[in-house]
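Below is one structure, written out as C-alpha cells, with a few remarks after it.
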Amino acid sequence: MPTASAQIFDGLGHPLRCENLPLPDSLAPGEVLVEIGLATICGSDLHTLSGLRTEPVPLILGHEAVGRIVVSQRPTSAPGDRVSWSIADSCGTCVACTEHRLPEKCATLFKYGHATLTDGSGLNGCYATHLLIRPGTHIAKVADYLPDSAVAPANCALATAVNAIAVLPTPCDKVLVQGAGLLGLYTCALLAERGIKQIYCTDIDADRLALSTEFGAIPVTDPPPEGLDAVFEVAGNADLIPAGVAALRPGGSYVFVGMVHPNTRLELTGEQVIRKCLTIRGVHNYSPHHLDEALAFLARTADRYPYSSLVSKPFALAELEQAIALAETRQHSRVAVAPNA
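At position 194 of the sequence shown (counting the first as 1) the number is 193 in numbering that gives the first Met the number 0, and the numbers step up by one without a gap.
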C-alpha cells in the first residue's frame, strides 16, 4: 500500500517521530491529494512546540507550503498542477461564512497543521510528503516561474498581511509597522504598493530591521513619529501597544495581527481609545480571496523584492528537529523543509 512519510508531534517534551501513513485508496468529491514541494516553519508552530500554544496530539504540524496535485476530485484542479491552498477549510453555509463574510471563523472550521492523526486521513499537516486537501479548502494555481521559497509562506503570512491592510483610514499617508519578521516585511511591501508615502518599521533585532528598507520601509529605533494614520502590530508583543496608541493621530487605526497567543494582556484604557477616536481592528488569518490577492501580488513584485533571501536552504524531512532549532534562532524569516527531497 502506498504511504506518506510524516513527522509526528506528540506534545511538549516529546521528540518528533517519523511515521508512515497510508495514502487514501480513493478520494471523496472535492478532495485533492497534494505532494508537498516545500514547507516553511511558521512562528505559530514554534509557539506550539514550546508550549505557548496547545493543540490536540498526536498531529502533523505545518500549514505553510506549496505542492503539486497527485490526485484530484475537483473539476478545476488536475494532477500536476502546482498549487497553494488556504490554511483552513470552511463549510460555506454557516452564518460566519455567509452573512458575516468571515469563512476563517466558520462554525466547523478545520485548520491544517492543527488536527490530530485520528481526524480524517491524518494527512492534515505539511511536515509530511503528502497532504489531503478537504472539499471546503480554496486552491489556487501557482505560476511555475515563482520559486518554492517565495510561494510556500504566501498561504499564511502574506495572505494575512493582505487582509490586514484591506481597511485603511482616510487619509493614510503615514504608518508604522511594529515588527520586521516575515509578516511585517510583507506588510511594508503591500503598503508601499498601495502608495503609502511614509512607512516606518520597528524591531528589536537590528539585522531584521535593516531588511525592512528592502521592502519599502523606513527603519526607526527611537520612539515612533507622532501623528500616524495607522499602526500595524505584527510582532506578537503586547508591550508595544502603549507606544503605538500614543503615536496615532486622532481618528487613527490600530490593527492587531501578531498577538495570537495568551501572553498578550494589554496596558490600555478605554479613555485612550475614546479620546482619540481610535479604531482597533483584529485580524486573524484570511478569506480565500486574500490568498488569490497574495499570489497575484507575489507575481507582480517577484523581481522587486528579495523574497527568497528570507528563507533558509531546505532541510530534509528527517532533519525537521534541526530545522526547528534553526528557526528558533530567528536567523531567517522562515526555515524551509523539503519533505520529498
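We put the CB at the ideal spot given by N, CA and C, even for glycine.
These numbers come from a predicted model, not from an experiment.
The beta carbon of E54 is closer than 6 Å to those of T47 and H113 in its chain, skipping five residues each way along the sequence. Residue nearest to A139 within the set T300, E292 and K312 is E292 (criterion: CA-CA distance). Boundaries of the beta strand (DSSP E) around V254: L247 to F255. Taking the Cα positions, S252 is about 15 Å away from P224. Its chain contains P146, S148 and A149 as the residues whose beta carbon lies nearer than 8 Å to that of S307, once the 5 sequence neighbours on both sides are disregarded; these appear in chain order. The stretch 156 to 174 and the stretch 87 to 94 do not touch, with fewer than three beta-carbon pairs separated by less than 8 Å. Following the DSSP letters along the chain, one finds L51 in no beta strand (DSSP E), marked with neither H nor E. At least 7 Å separates the beta-carbon of L309 from that of Y126. When secondary structure is reduced to three states using DSSP, G178 falls in the coil class, being assigned neither helix nor strand.
The straight-line gap separating the alpha-carbon atoms of V174 and G50 is approximately 33 Å. The stretch 331 to 340 and the stretch 35 to 43 touch, with three or more beta-carbon pairs separated by less than 8 Å. Going by C-alpha positions, L32 is about 14 Å away from S85. Using a Cβ-Cβ distance cut-off of 8 Å, the stretch 63 to 74 and the stretch 244 to 264 are not in contact, since fewer than three pairs of beta carbons, one from each stretch, lie closer than that value. In the same chain as D172, and ignoring 5 residues on each side of it, the C-beta atoms closer than 8 Å to its own belong to I195, K196, Q197 and D228, in chain order.
Beta-bridge pairing by DSSP links E225 to no other residue. Q321 has its alpha-carbon roughly 15 Å from the corresponding atom of H13. Around the beta-carbon of Q330, fewer than 16 other beta-carbon atoms lie within 10 Å, marking it exposed. For the set L20, L45, S76 and L11, the Cα lying nearest the Cα of G29 is the one of S76. For A245, the closest of A234, F231, Q271 and V259 by C-alpha to C-alpha distance is Q271. Under a 10 Å Cβ-count criterion, D118 is classified as exposed, with fewer than 16 other Cβ atoms of the shown protein chains found around its own Cβ. The alpha-carbon of I132 is positioned some 43 Å away from that of C276. With a contact defined as Cβ atoms closer than 8 Å, T136 and A3 miss out at about 18 Å. In the structure shown, L26 adopts coil according to DSSP, grouped into three states. Across the set Q72, S43 and T107, the C-alpha of T107 shows the shortest separation from the C-alpha of S89.
E232 is a Cβ neighbour of F255, given a cutoff of 7 Å.
Relative to G121, the option among T268, P57 and L316 whose CA is nearest is P57.
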